[in-house]
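Okay, structure first, notes after.
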Amino acid sequence: MLEPVEWVDAELVDSDDARSGGHEIVVHDPAAAILAALDTKAAEDLHEARPQKTKTGYARDWALWGEFHAWLAERTGTLLPPSALTVGTYVAFVKWLDEVVEAAPNSIERRVTGVASEARRRGYEVPKAARAAATQALKPLKLDKERQQRGRGKAAAITPADLRKMNTAPLERAPQEGARRRRVLVVPDLARLRDRSLHTLRFAVAGRNEEMSALDDTDIRVVAEGLEVLVPSVKGRPPRDVVVSYGESADTCAVRCWIAWQQAKLAAGAAPGGPAYLPVSQWGALGTQRLSPDGCGRAITRSAKYAGLTGRRITGHSGRRGLVTTGRRKGKRPEKLRAQGGWAKNSPVFWEYVDEGEKWEDNATEGIGL
244 MLEPVEWVDA ELVDSDDARS GGHEIVVHDP AAAILAALDT KAAEDLHEAR PQKTKTGYAR
304 DWALWGEFHA WLAERTGTLL PPSALTVGTY VAFVKWLDEV VEAAPNSIER RVTGVASEAR
364 RRGYEVPKAA RAAATQALKP LKLDKERQQR GRGKAAAITP ADLRKMNTAP LERAPQEGAR
424 RRRVLVVPDL ARLRDRSLHT LRFAVAGRNE EMSALDDTDI RVVAEGLEVL VPSVKGRPPR
484 DVVVSYGESA DTCAVRCWIA WQQAKLAAGA APGGPAYLPV SQWGALGTQR LSPDGCGRAI
544 TRSAKYAGLT GRRITGHSGR RGLVTTGRRK GKRPEKLRAQ GGWAKNSPVF WEYVDEGEKW
604 EDNATEGIGL
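Numbering (the numbering used here), first residue to last: 244 to 613.
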């Protein structure tokens, strides 16, 4: 894991100190100004010529660069500027993507490239030594077979029983195998309440990571029957109004879990009407910015691992798949399930989930005399 950084206070010295004998005079160089402007324009032109998918991916890489700096600031007490592209920050970024985000090596390599591209577009220098160090840090990761398997295959569907295991897992979690520091991690109660609500509501509304991140308190209304939820528009998809009934068990009831999290969040100082889900540090401190889409996805993957749900790839998409497969096994109408998750009428993905939920219904080998 990343080691804590020791910081030393430094004194800033003005340019008119005793050595210089006076203020430094800066001479304007018209040629240098024109060249700099042309470089900036060229970077913008090249950016606009890229496919939209590439531009979107690079923008997400840059957002992850910001999340990494926020994570680093929590541990050091100092928020570095995004222009801090050095050997140290680049290698630490690779380690963060590997150990915290648990990204596949190929994804890490692409994100490093995306950060470099976006940094240059913003006029920041990307030292060759920093890129070379990141490449060197990636080499052993690419040779690791377990890391190579990350992110491969379809997300597995989760069930209410899986949610119950995740939401009732012990707060004391054993150290990961191979970790340098063999210490027991105690999950803060505030983080536990947030994750319980996040997982159950995600399942109930078939929420995507981006939708769960974009939810505000005002989008979720408690009524006598349960919850009325306005799932916001993300990536050009239309918003949708859905309802969530009270569940049979307090451990998997999205309504009760939301109320408990909301009360705890407000008691911890969150502003009413703000983001529905906020980050919680390892010490139980509540953040102020909304939980990112990646943070929503990592939360369910992490909870599944600590609950012992191994052997399946559980991601942020597992709730969407799980609602449909579980719903069909319980006889829920496809049109109801489709509307709940906002799928298009002819969505092949949705009907694949329906088929999965119905595969044991009127099975071809049942009752034929075998």
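All residues carry an ideal CB built from backbone N, CA and C; glycine is no exception.
Cβ neighbours of R533 within its own chain (closer than 7 Å, five residues either side excluded): S456, P518, Y520, L521. If only uninterrupted alpha helix (DSSP H) runs of at least 4 residues are considered, those enclosed by the segment 296 to 351 are 330 to 342.
Taking a cut-off of 8 Å for Cβ pairs, the segment 543 to 550 and the segment 465 to 483 do not touch, as fewer than three such pairs fall below it.
The C-beta of D272 has fewer than 16 other C-beta atoms within 10 Å across all chains shown, which makes the residue exposed.
Apart from sequence neighbours up to five positions away, the residues of its chain that approach E317 with a beta-carbon distance below 7 Å are S524, ordered along the chain. When the beta-carbon positions are compared, G584 and A447 stay at least 8 Å from each other.
Counting only the Cα atoms, D605 lies some 45 Å from Q295. Secondary structure at D405: helix, using DSSP grouped into helix, strand and coil.
Within the model, the alpha-carbon separation for P348 versus Y333 is close to 15 Å. Taking 8 Å as the cut-off, the beta carbon of A400 is found no closer than this to the beta carbon of T558. Cβ-Cβ separation between D460 and G530: approximately 15 Å, too far for a contact (criterion under 8 Å). Contact annotation: the segment 294 to 312 touches the segment 355 to 364, with at least three C-beta pairs closer than 8 Å.
The beta carbon of Q505 sits closer than 6 Å to none of the beta carbons in its chain outside the five residues before and after it. The straight-line gap separating the alpha-carbon atoms of V485 and E310 is approximately 31 Å. Our two residues, P482 and S476, have alpha carbons roughly 4 Å apart in a direct line. For V498, the secondary structure class from DSSP, reduced to helix, strand or coil, is helix.
Of the residues R407, I351, K602, R571, the one whose Cα lies closest to the Cα of L384 is I351. Annotation for R435: no beta strand (DSSP E) segment contains it, though the alpha helix (DSSP H) segment containing it runs 432 to 448.
The shortest C-alpha to C-alpha distance from A285 to any of D405, T321, G366 is the one to G366. Of the residues assessed, S535 falls on the buried side of the cut-off, its CB having 16 or more other CB atoms within 10 angstroms. Assignment of beta-bridge partners to E578 by DSSP yields no partner.
In this structure A373 does not touch V344 by the C-beta definition: roughly 19 Å separates them, more than the 8 Å allowed.
Within a 10 Å sphere around the beta-carbon of E454 sit 16 or more other beta-carbons, which makes this residue buried. Boundaries of the beta strand (DSSP E) around G469: 469 to 474. For P536, the secondary structure class from DSSP, reduced to helix, strand or coil, is helix.
A straight-line Cα-Cα distance of about 33 Å links E342 and E291. For D484, the uninterrupted beta strand (DSSP E) run begins and ends at 483 to 488, by DSSP. Around the C-beta of S561, 16 or more other C-beta atoms lie within 10 Å, and the residue is accordingly described as buried. Only residues of its own chain outside the window of five on either side were considered, and among them V358 have a CB closer than 6 Å to the CB of W308, listed in chain order. When the beta-carbon positions are compared, L566 and L552 stay at least 8 Å from each other. If you check the CB distance, A398 and R564 come in under 8 Å. The DSSP-derived three-state label of V465 is strand.
If you look at L381, you'll find it in the alpha helix (DSSP H) that goes 371 to 385. In the three-state DSSP reduction, V477 falls in the coil class, being neither helix nor strand. The Cβ atoms of D494 and N589 do not sit closer than 8 Å to each other. C496 is the residue among C496, K408, R435, R393 whose C-alpha sits nearest the C-alpha of L444.
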